[in-house]
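2 protein chains.
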Amino acid sequence: MRFLSTTLRRRLVSLSPQLPSLTSAVGLLCPRKYETERAGRRRSASILGPDLPEVWKHLESSSPVIHSPSSNHDHNGSNPTIIDGKIIAEDIRLEIASEIRHMKDLTGKVPGLAMLLVGKRRDSESYLRHKVKACEEVGITSFSAELPEDCPQDDLLNIVSSINEDPSIHGILVQLPLPKHMDEERVLSAISLEKDVDGFHPLNVGNLAIRGREPLFVPCAAKACIELLLRSGVELMGKHVAVIGRSRVVGLPTSLLLQRHHATVSMIHAHSENPASITREADVVISAAGVPNLVRRNWLKRGSVVIDVGTTPIEDPESEDGYHLAGDVCYEEALQVVSAITPVPGGVGPVTISMLLSNTLDAAKRARGFS
Amino acid sequence: MRFLSTTLRRRLVSLSPQLPSLTSAVGLLCPRKYETERAGRRRSASILGPDLPEVWKHLESSSPVIHSPSSNHDHNGSNPTIIDGKIIAEDIRLEIASEIRHMKDLTGKVPGLAMLLVGKRRDSESYLRHKVKACEEVGITSFSAELPEDCPQDDLLNIVSSINEDPSIHGILVQLPLPKHMDEERVLSAISLEKDVDGFHPLNVGNLAIRGREPLFVPCAAKACIELLLRSGVELMGKHVAVIGRSRVVGLPTSLLLQRHHATVSMIHAHSENPASITREADVVISAAGVPNLVRRNWLKRGSVVIDVGTTPIEDPESEDGYHLAGDVCYEEALQVVSAITPVPGGVGPVTISMLLSNTLDAAKRARGFS
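What follows is the structure, given as structure tokens:
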């Protein structure tokens with residue numbers, strides 16, 4: 001047995017014995033000894049990496065944020081395109097409505113979508129209202145259930161289980177985030193794969209990640225980002241796209257979908273060192289960190305395209321809902337350098353809802369054997 | 001229905017009507033009209049992106065490749081560490097062997113691994129021999145079947161199906177690539193999730209991608225890259241890691257695992273424009289393109305760490321096997337700038353085999369209820 005003939009004392013082999021001298025080269029190689037590295041390391045859970053909260057600790061620049069519109073939008077002498085998500089979303093809804101009318105003509109039936117909300121988060125309630133209204137617009141029958149904040153997880157699981165069996169419902173959406181006493185993974189895993197219109201099931205994520213396989217559903221926000229870019233004529237093949245944030249809802253599926261469009265994707269998150277050094281080199285920046293004013297002018301390359309997925313609710317007594325939504329990007333600063341950008345609100349949000357309708361229609365077509 | 005009130009002619013809205021002027025800003029916005037974009041676009045398969053072959057068309061630099069060792073390895077005045085995969089692999093195998101002896105003492109049984117090879121690829125046969133030998137070394141019972149090149153896919157599927165049912169076998173490995181008449185996805189999907197020691201099942205990939213979930217198995221080469229980095233004391237948290245190549249075997253799972261270690265990951269592939277501009281900024285470069293001499297000196301930052309996963313068989317009459325393995329990295333050029341590097345052979349390869357043993361042991365422990 002060959003491995004028994006080696007001694008345990010042999011360690012990293014250097015071309016010279018000056019191993020310690022290179023620990024300082026880029027601050028990457030830590031001076032801790034290999035011995036301590038080995039103890040208990042092998043095959044422990046550490047191979048999957050440490051669990052860390054996704055907290056964005058500091059914004060890079062301390063210069064004041066520009067909020068008032070400037071008349072001097074000057075990237076290479078032309079004005080940036082504002083990518084209007086409302087118009088694109090409505091175009092998509094018209095197409096969906098037409099398909100649903102066709103389905104109804106042929107079968108007498110329409111798609112059904114169930115939406116489950118636990119608790120009284122104001123932004124979640126508002127999103128749900130928008131989704132219900134969008135379903136009405138295109139002819140999808142929506143069912144929504146609002147459960148109390150302290151509802152036992154088993155009650156929610158029982159509801160999911162009974163909707164799984166209901167042939168008139170083709171899509172199930174559980175509004176995230178759930179209250180802290182619930183296990184999101186457990187609840188999401190309970191949704192039937194064929195009704196997982198949010199596309200969060202790990203099998204859908206795996207099939208999205210592996211080229212050559214087809215997920216049943218692609219998460220709505222990721223699809224929305226790509227639709228916005230494709231419908232605006234932005235080329236992705238071979239381009240450098242920086243995705244900020246790595247949530248299962250947006251950042252992760254968007255990075256996977258971008259790779260299927262053959263973009264070169266850089267994934268930036270709360271623990272990234274010097275994120276601006278990467279975004280500044282990117283042709284497209286998609287930000288989904290949920291941190292208002294994270295992306296400043298000096299994070300962006302001149303002429304780049306920005307998709308702002310951030311929607312942080314900010315208290316606003318003057319607004320009808322008592323709050324307004326803030327994106328991740330310093331919008332007025334970005335206008336000075338980008339070639340195109342989505343606004344917040346009115347950018348990614350409406351298209352994301354259209355993608356939910358689209359996924360629900362797909363589910364209904366699949367269930368009814370439509371091509 | 002609100003959406004009916006908008007006109008179809010409204011398109012991208014610009015702050016000014018000078019839309020055409022920005023199509024040339026960075027070459028991203030294509031001048032094709034939005035009308036043509038829309039026709040048939042919605043919800044077609046195009047959202048998943050076009051299928052493209054992974055062909056690396058050109059190497060960036062035309063300067064001659066340095067092959068002869070240079071005595072002037074001068075990155076910041078110190079000599080680079082050669083990360084010795086053979087020693088790390090043997091350390092891991094000693095630990096595995098010890099655990100297997102313990103299992104045998106307690107239960108009288110050892111783990112079992114089945115390996116299936118279709119056809120007569122010389123490199124595949126050689127990999128299989130190495131794996132069989134490694135199993136012997138640590139006390140895993142290995143079963144290998146070599147099927148003829150023209151074996152019908154159903155024969156292979158039947159064998160997989162019967163091994164799935166065999167309680168003495170805990171891991172099943174189908175050596176890739178399979179002959180062209182076989183559907184790799186179909187064959188890999190047939191392997192029981194609990195015996196998928198290669199970690200290629202989409203559910204394992206999805207559970208690797210989603211933080212907070214645990215895959216049953218992580219693909220061996222991805223685990224090997226991380227083990228090599230961790231055991232060499234290379235810090236990953238927040239560091240910029242460029243992964244070259246995006247295969248399901250190496251690039252994809254490595255990028256997902258690196259994200260769980262909170263690295264900032266850039267994924268480079270055959271269609272990436274100007275890949276060197278990204279790798280030059282990376283603290284760590286992991287190359288798994290399968291293209292000898294792809295990574296030149298000018299692709300690397302001074303002081304960076306390089307993991308070379310490339311193993312392209314090159315005809316070599318002087319070698320015992322009739323070929324030798326070439327990495328992706330111009331090794332002698334890289335030595336002049338990096339702080340640490342894995343050689344080929346003797347780097348990632350041996351550790352990858354140890355990870356297969358490790359995954360097989362994990363499968364056996366799980367099947368037998370060991371913690």
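From first to last, the protein sequence lines stand for chains F and B.
Sequential numbering of the first sequence, starting at 1, is according to UniProt numbering.
Sequential numbering of the second sequence, starting at 1, is according to UniProt numbering.
Where a beta carbon is used, it is the ideal one built from N, C-alpha and C, also for glycine.
It should be emphasised that the depicted structure is a prediction, and the values quoted were computed from it without experimental measurement.
For residue 232 (chain B), the closest C-alpha among the options B:361, B:348, B:54 is that of B:348.
If you compare the alpha carbons of B:342, B:152, B:354 with that of residue 332 (chain B), the shortest gap goes to B:342. Using a CB distance cut-off of 9 angstroms, residue 265 (chain B) counts as an interface residue toward chain F.
Across the set F:240, F:211, F:271, the C-alpha of F:211 shows the shortest separation from the C-alpha of residue 248 (chain B). In this structure, B:120 is the residue among B:120, B:169, B:164 with its C-alpha nearest to the C-alpha of residue 175 (chain B). The segment 176 to 191 of chain F makes no contact with the segment 180 to 192 of chain B, as fewer than three CB pairs between them are under 8 angstroms. For residue 209 (chain B), the nearest CB of chain F lies under 9 angstroms from its own CB, placing it at the interface with that chain.
Under a criterion of Cβ atoms nearer than 9 angstroms, the residues of chain F adjacent to residue 281 (chain B) are, in order, 277, 278, 281. Between the beta-carbon of residue 170 (chain F) and that of residue 153 (chain F) there is about 24 angstroms, and that puts the pair past the 8 angstroms contact cut. Between residue 111 (chain F) and residue 140 (chain F) the beta-carbon gap is near 5 angstroms, inside 8 angstroms, which marks them as a contact. The C-beta of residue 240 (chain B) has 16 or more other C-beta atoms within 10 Å across all chains shown, which makes the residue buried. Distances from the CA of residue 128 (chain F) to each of F:100, F:350, F:364 were compared; the closest alpha carbon is that of F:350.
The beta carbon of residue 168 (chain F) sits no closer than 9 angstroms to any beta carbon of chain B. Counted as a single uninterrupted DSSP element, the beta strand (DSSP E) harbouring residue 308 (chain F) occupies residues 305 to 308. For the pair residue 355 (chain B) and residue 224 (chain B), the CB atoms are nearer than the 9 angstroms cut-off.
For residue 253 (chain B) and residue 316 (chain F), the gap between their C-alpha atoms comes out near 44 angstroms.
Taking 9 angstroms as the cut-off, the beta carbon of residue 230 (chain B) is found no closer than this to the beta carbon of residue 272 (chain F).
In the structure shown, the three-state DSSP call for residue 348 (chain B) is helix. Burial state of residue 177 (chain B) is exposed, judged by a 10 Å Cβ sphere holding fewer than 16 other Cβ atoms. Neighbours of residue 202 (chain B) in chain F, taken as residues whose beta carbon is under 7 angstroms from its own, are 203, 206, 207, 210, 213 in chain order. When only Cα atoms are considered, residue 295 (chain F) and residue 309 (chain F) end up about 12 angstroms apart. Taking 9 angstroms as the cut-off, the beta carbon of residue 363 (chain B) is found closer than this to the beta carbon of residue 216 (chain B). When DSSP states are grouped into helix, strand and coil, residue 89 (chain F) belongs to the helix group. Per the C-alpha coordinates, the member of B:80, B:267, B:227, B:262 positioned closest to residue 255 (chain F) is B:267. DSSP lists B:114 as the bridge partner or partners of residue 172 (chain B).
Within chain F, no residue has its beta carbon less than 8 angstroms from that of residue 103 (chain B); the closest one is some 14 angstroms off. Within its own chain, the residues whose Cβ lies closer than 7 angstroms to the Cβ of residue 159 (chain F), once the five positions on either side in sequence are excluded, are 116, 145, listed in chain order.
Around the beta-carbon of residue 107 (chain F), fewer than 16 other beta-carbon atoms lie within 10 Å, marking it exposed. Of all alpha-carbon atoms in B:118, B:135, B:124, B:96, the one lying nearest the alpha-carbon of residue 150 (chain B) is that of B:118. For a Cβ distance threshold of 9 angstroms, nothing in chain B lies close to residue 195 (chain F): the least Cβ distance comes to about 17 angstroms. In its chain, beyond the 5 residues on either side, 241, 265 have a beta carbon closer than 6 angstroms to the beta carbon of residue 258 (chain F). For residue 267 (chain F), the secondary structure class from DSSP, reduced to helix, strand or coil, is strand. When DSSP assignments are scanned along the segment 182 to 250 of chain F, the uninterrupted stretches of beta strand (DSSP E) that are 3 or more residues long and fall wholly within it turn out to be 240 to 244. The C-beta of residue 53 (chain F) has fewer than 16 other C-beta atoms within 10 Å across all chains shown, which makes the residue exposed. Interface with chain F (9 angstroms Cβ-Cβ cutoff): residue 218 (chain B) is included.
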